[in-house]
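S.K.: The working numbering applies: residue 3 is where the sequence shown begins, and numbers increase by one.
Below is a structure I'd like to ask you about.
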Amino acid sequence: MEPLNIVLVEPEIPQNTGNIARTCACLGARLHVVEPMGFRLTDRNIKRAGCDYWDKVEIVRWRCADAFFEAHAEDELHLFTGHATRSYSDVSYGRGAYLVFGRESRGLDEAYLERFSSSCVRIPMREDLRSLNLSNAVAIGAYEAFRQMGFPDLS
């Protein structure tokens, strides 16, 4: 089975990336990290947050967002953003789908949101709050995708 793909575009906080790597390990999802990052991937904080799971995660590194989006423009993309109107739970996730999340401080660049506007989804929340923690948002999206697929290969 093609794994679910979690994509972090220019992540800034090492602990979030570590927590997301742990989620990917538990699900068997592939983690794509798009540079530049706000830290080094070998940072002590990431290892601590990811515990002993780093060797259980397939990590794909991309030199920039343009490279990632050009390579996967025709794939099943789901861009998570607070600027979308469609809920993440109202779409169908296929095997091998790409769940794309932006940087913690400002999300995904407007150009990508416009280019892939039909692929944008949001996690509902109160209007007066900006966003969820990135690692929580990834977990919500990833587990919904796996729920729709019947939790393949999970016990």
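Where a beta carbon is used, it is the ideal one built from N, C-alpha and C, also for glycine.
Quantities reported herein were computed from a predicted structural model and do not represent experimental measurements.
1. Measure the CB-CB distance between V93 and V140 and report whether it falls below 8 Å.
2. Going by CA-CA distance only, name the one from K58, D57, Y55 and H74 that's closest to W64.
3. Which residue or residues does DSSP assign as beta-bridge partners of S89?
4. With a CB to CB cut of under 8 Å and the five nearest residues on each side skipped, what residues in its chain are close to E146?
5. Can you check which of these residues, S133, P16, F71 and M127, is closest to R108 by C-alpha distance?
6. From this set, D111, M3, Q17 and V62, which residue's C-alpha is nearest F41's C-alpha?
7. In chain order, what residues of the same chain lie with their CB nearer than 6 Å to the CB of L101, ignoring the 5 residues before and after it?
8. Rounded C-beta distance between A69 and L6? I'm assuming under 8 Å.
9. Measure the C-alpha to C-alpha separation of G152 and C28 and round it to an integer number of angstroms.
10. In the DSSP assignment, find the unbroken beta strand (DSSP E) run with L101 in it and report its ends.
11. Just to confirm, are T83 and L43 a CB contact at a threshold of 8 Å?
M.R.: In terms of the structure at hand:
1. Taking 8 Å as the cut-off, the beta carbon of V93 is found no closer than this to the beta carbon of V140.
2. H74
3. R124
4. Y90, S91 and Y95
5. S133
6. Q17
7. I8, H80 and G143
8. Between L6 and A69 the Cβ distance is about 21 Å, and since that is not below 8 Å, they are no contact.
9. 15 Å
10. That run of the beta strand (DSSP E) goes Y100 to F103.
11. no
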